[in-house]
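Residue 310 in the working numbering sits at position 75 of the sequence shown, with consecutive numbering throughout. Let me begin by presenting the structure, written as structure tokens, before commenting on it.
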Amino acid sequence: MAKSTSIYYCKNCGYQSANWIGKCPACSEWNTFEQEVIHREEKLIKGKALTTLIKSKPKAISEIALEEMPRITTNYQELDTVLGGGIVRGSLTLLGGEPGIGKSTLLLQIGLDLQKQKVLYISGEESESQLKMRAERISKHPNKNLYILTETQTQEIVKHIEELDPDIVIVDSIQTMQSSLIDSAAGSISQIKECAAEFQHLAKNTAMPVFLIGHITKDGVIAGPKILEHIVDTVLQFEGDQHYGYRIVRCVKNRFGSTSELGIFEMNAAGLREVTNPSEILLTNRDELFSGAAVAAVLEGNRPLMIETQALVSTAVYGTPQRSATGFDLRRLNMLLAVLEKRCRFRLGAKDVFLNIVGGFNIDDPAINLAIMAAILSSTADISIDSKICFAGEMGLSGEVRPVPRIEQRISEAEKLGFKQFFLSKYNVKGIDVSKYQIKIMPIGKIDEMLKLLF
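Listed below in structure tokens is the structure:
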């Protein structure tokens, strides 16, 4: 007999309650509980690989044999770096991103390029003909070992997996999957939890890597309960501005590698292309110099990037000054303007200030502060900065230039790209051999020192 129960789920963390609660006791969020009527089967069907219970007993860690299984390379160096060296067998990976950002295209390209692996692409959103059209557009040499399955019932999917025995499984998307063990609509919290748990059992019991594509909400987080990210082994965030061609694969969680890596791709008519040296693309090639532009040496994950910042300072026409920032936190911009007003005696209270980070990137590295202030000063004085000068430094409220981590990596990247001068905090110079660099190091302690050296 089937048993139906009504359970309230927290949308944020997946906490269960028999009654509605205003504040979740697990994550302390308000008004996040939703009611779902769940229909569970009391008896598990025999022969299902997902529902069989494995009896286990405690073992001493010295008795556990370590199985050395080589990783599967994706033929994309950027993605392999993010995953920690390739795809781990038996791993469950969640890829999230905005609609139309290229999640399905990326995983379909991986399936097409893995010629030696048998890949099963399960789609709950597109038909077979639609996937065929996309595959012909992004690949000249289709993979004969790539199989397409349009199915949403997890029990039926398991039957096909047992018959086909693929090497890699791709599920597009987890929100469209539905388990017959739960009597609720696809995309509900209980269905997402149950389907993710079933794919986790499949991956662990068969040593088969499984990729899940996840939708995100308007707040930018993966839809469904937060417990979904705890179930999977790796969480990848696919980011980028749809008005630009660049895409970033950022690792949020990784049980098999570092979470500080990222990969950069470029979207074009033939799909996604790896960007091996993004600094050369992000720097604007211009014949003449303009005021309000400065280059920052920032770190995205473990990778140094040279990114151009552009600032425009003009007189406020409508009385109330405007503050606008693209790719940068507006509150941090207001803080930097206050430092300039107080420490450098620049009267910016009646000025409009507009800031733009070239390339559509959102930069959180505090080392970009020095370049932003240099660009604002350049635009205010209407004096251009040499394009062979770059900056890396965090600004303090007292106007001091604070040190930033991994400065030698930033200096080496700037030197490789042909920069002549590098402005940094004088506290960063301690402990490094300046003589080994051909680039001229310009250590400064306060922002007014940079003002004197630049202008």
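Built from N, CA and C at the ideal position, the CB exists for glycine as well.
Cβ distance (whole Å) where residue i is taken to contact residue j below 8 Å
i: Asp683; j: Gly634; result: 7 Å
i: Met685; j: Gln656; result: Met685 to Gln656, Cβ: 11 Å. No contact.
i: Asn604; j: Met630; result: 4 Å
i: Val548; j: Val588; result: 5 Å
i: Leu497; j: Gly536; result: 4 Å
i: Gly480; j: Gln344; result: No, Gly480 and Gln344 are not in contact; Cβ-Cβ is about 15 Å, not under 8 Å.
i: Ile336; j: Gly475; result: 6 Å
i: Phe500; j: Glu313; result: 6 Å
i: Pro539; j: Gln644; result: 5 Å
Residue i versus the options, residue with shortest Cα-Cα distance
i: Tyr662; options: Lys655, Arg637, Arg645 and Ser670; result: Arg637
i: Glu398; options: Ser362, Gln413, Gly257 and Tyr382; result: Tyr382
i: Met412; options: Ile405, Ile427 and Asp402; result: Ile427
i: Ala442; options: His450, Thr387 and Asp400; result: Asp400
i: Leu342; options: Val510, Arg369 and Phe626; result: Arg369
i: Thr316; options: Phe690, Gly492 and Thr550; result: Gly492
i: Phe626; options: Ser614, Ser619, Ala649 and Ile592; result: Ala649
i: Ala409; options: Gln435, Glu363, Ile396 and Cys262; result: Note that residue 409 corresponds to Ile in the displayed sequence, not to Ala. Answer by Cα proximity: Gln435.
i: His465; options: Glu269, Ala295, Gly346 and Leu327; result: Leu327
i: Leu349; options: Thr308, Tyr356 and Ser423; result: Thr308
i: Val484; options: Ala609, Glu333, Leu366 and Ala431; result: Glu333
i: Leu612; options: Glu535, His478 and Lys687; result: Lys687
i: Leu524; options: Pro513, Asp617 and Val456; result: Asp617
i: Ser495; options: Ser423, Cys579, Asn512 and Gln472; result: Gln472
i: Thr555; options: Lys461, Glu302, Leu583 and Ile451; result: Leu583
i: Leu416; options: Val406, Gln388 and Ile646; result: Gln388
i: Glu303; options: Arg324, Val664, Ser423 and Asn310; result: Arg324
i: Tyr311; options: Arg558, Asn569, Ile642 and Glu509; result: Glu509
i: Ser614; options: Ala546, Lys675, Ser647 and Lys292; result: Ala546
i: Leu568; options: Lys577, Glu576 and Arg558; result: Arg558
i: Asp599; options: Ala585, Arg578, Leu301 and Leu565; result: Leu565
i: Thr340; options: Asp407, Lys394 and Asn378; result: Asp407
CB contact flag (residue i, residue j, <8 Å)
i: Leu518; j: Val533; result: no
i: Val404; j: Val467; result: no
i: Asn266; j: Gly257; result: yes
i: Glu543; j: Ala528; result: yes
i: Val639; j: Ala602; result: yes
i: Ile357; j: Ile322; result: no
i: Leu193; j: Thr469; result: Residue 193 cannot be examined here, being either before or after the span of the chain that is shown, 236 to 690.
i: Glu271; j: Ile462; result: no
i: Ser619; j: Ser526; result: yes
i: Lys632; j: Val574; result: Residue 632 is actually Leu in this sequence, not Lys. Contact flag set, yes.
i: Ile242; j: Gly331; result: no
i: Tyr244; j: Glu269; result: yes
i: Phe654; j: Ile679; result: no
Segment limits, beta strand (DSSP E) that includes residue i
i: Ala560; result: Arg558 to Thr561
i: Arg550; result: One detail in the question is off: residue 550 reads as Thr in this sequence, not Arg. First-last of the beta strand (DSSP E) with Thr550: Arg538 to Thr550.
i: Gly346; result: Taken as a continuous stretch (DSSP letters only), Gly346 belongs to no beta strand (DSSP E), being part of the alpha helix (DSSP H) at Lys338 to Asp348.
i: Ile424; result: Segment Ile424 to Thr441 is the alpha helix (DSSP H) holding Ile424; no beta strand (DSSP E) there.
i: Val445; result: Val445 to Gly449
i: Asp407; result: Ile403 to Asp407
i: Ala573; result: No beta strand (DSSP E) holds Ala573; the alpha helix (DSSP H) holding it covers Leu565 to Arg578.
i: Ile383; result: Leu381 to Leu384
i: Glu535; result: Ala528 to Glu535
i: Ile357; result: Val354 to Ser358
Unbroken alpha helix (DSSP H) run spanning residue i, endpoints
i: Pro513; result: Pro513 to Leu517
i: Met677; result: Not the alpha helix (DSSP H): Met677 falls in the beta strand (DSSP E), residues Lys675 to Ile679.
i: Glu464; result: Ile462 to Ile466
i: Ile396; result: Thr389 to Leu399
i: Thr316; result: Gln312 to Leu318
Any non-hydrogen atom of the ligand FAD within 7 Å of residue i CB
i: Thr340; result: With respect to the ligand FAD, the structure offers nothing, as it holds no ligand at all.
Please specify which runs of the beta strand (DSSP E), each continuous and at least 3 residues long, are wholly inside the segment 478-505, giving them in chain order. 481-489 and 497-503
Secondary structure, beta strand (DSSP E): runs of 3+ residues fully inside the segment 586-631: 586-592 and 624-627
Within the segment 632-685, note down every full alpha helix (DSSP H) run reaching 4 residues or more, in order along the chain. 642-651
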